[in-house]
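Add 348 to the 1-based position in the sequence shown for the numbering used here, that's all there is to it.
Ideal Cβ positions, reconstructed from N, Cα and C, are used throughout, including at glycine.
For reference, the structure discussed in these notes is given below.
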Amino acid sequence: MSTIQPGDHRAYMQLALSLAQKSPPKPTNYRVGAVLVDLSSDKILATGYTLELPGNTHAEQCCLIKLAEQHGVPEERLSEVLPSKLALYTTVEPCSKRLSGNLPCVERVLRLAGTIRTVYVGIMEPETFVTENTGRKSLQDAGIPVVHVEGLEADILEVATAGHIKS
Ligand code: HJL
Ligand code: ZN
Numbered sequence: 349m350s351t352i353q354p355g356d357h358r359a360y361m362q363l364a365l366s367l368a369q370k371s372p373p374k375p376t377n378y379r380v381g382a383v384l385v386d387l388s389s390d391k392i393l394a395t396g397y398t399l400e401l402p403g404n405t406h407a408e409q410c411c412l413i414k415l416a417e418q419h420g421v422p423e424e425r426l427s428e429v430l431p432s433k434l435a436l437y438t439t440v441e442p443c444s445k446r447l448s449g450n451l452p453c454v455e456r457v458l459r460l461a462g463t464i465r466t467v468y469v470g471i472m473e474p475e476t477f478v479t480e481n482t483g484r485k486s487l488q489d490a491g492i493p494v495v496h497v498e499g500l501e502a503d504i505l506e507v508a509t510a511g512h513i514k515s
């Protein structure tokens, strides 16, 4: 994990993809992987994948819950304890709506606006569950650039949808 060179976005995305592969297939979500990097030290602060933690957890959410636990604060107070320059890599763009009604990951990232400086995504969310993901726009409106890391789309989509019932 420590062999990734600073700024090697594709390598971080590849790591996120390998995390997504650990997620148990499920027909009603995507299998996603996420990596949170401290840009000051180039250290990986947290990794996560869909359903890694108990409950109906998303990849990005797992990163944040793990960090909150490490720091002994609730997730909504993470901005008080984290380094101030982070990048989030996620194989699928952060969700803006969840059919389960849980708090979308975009809202969780927006709580860290000013801390999470850039969000790198491997693919945009397909329209299977939610017809229009507004996450990208909300993040950009809040001053957080969303950057598409190209080249892994087919693999990311295949892993994300492995548990889906194909018609
Ligand atoms: C992202 C994830 C994950 C999704 N997206 N970025 N990370 N599973 O870990 C988005 C999809 C939701 C459905 C169902 N998936 O997962 O829109 O049951 O999975 O809350 O809307 O919602 P729940
Ligand atoms: Zn989510």
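Buried or exposed by the 16-neighbour rule on C-beta atoms within 10 Å, applied to residue i
i	result
residue 475	exposed
residue 409	buried
residue 515	exposed
residue 381	buried
residue 349	Annotation note: pLDDT 49 at residue 349 (below 50); position unreliable, no value reported.
residue 480	exposed
residue 406	buried
residue 469	buried
residue 494	buried
residue 483	buried
residue 362	buried
residue 452	buried
residue 364	buried
Bounding residues of the beta strand (DSSP E) (the contiguous stretch that carries residue i)
i	result
residue 384	381-386
residue 401	Careful: residue 401 lies outside any beta strand (DSSP E) and carries neither H nor E.
residue 461	Unbroken run through residue 461: none, as it is neither H nor E.
residue 437	434-440
residue 495	494-496
Reference residue i; option with closest CA among the options
i	options	result
residue 442	456, 433, 431	456
residue 471	437, 489, 405	437
residue 447	465, 430, 378	378
residue 402	506, 413, 433, 353	413
residue 391	440, 356, 492	356
residue 491	372, 358, 416, 454	454
residue 389	461, 435, 449, 494	435
residue 506	485, 385, 489, 371	371
residue 376	451, 360, 399	399
Limits of the alpha helix (DSSP H) - the one that residue i falls within
i	result
residue 413	407-419
residue 391	Here residue 391 belongs to no alpha helix (DSSP H); instead the beta strand (DSSP E) covers 391-397.
residue 487	483-489
Nearest-angstrom Cβ-Cβ length linking residue i and residue j, presumed shorter than 8 Å
i	j	result
residue 430	residue 463	5 Å
residue 459	residue 424	6 Å
residue 433	residue 387	4 Å
Test item: CB-CB of residue i and residue j under 8 Å
i	j	result
residue 504	residue 439	yes
residue 397	residue 367	yes
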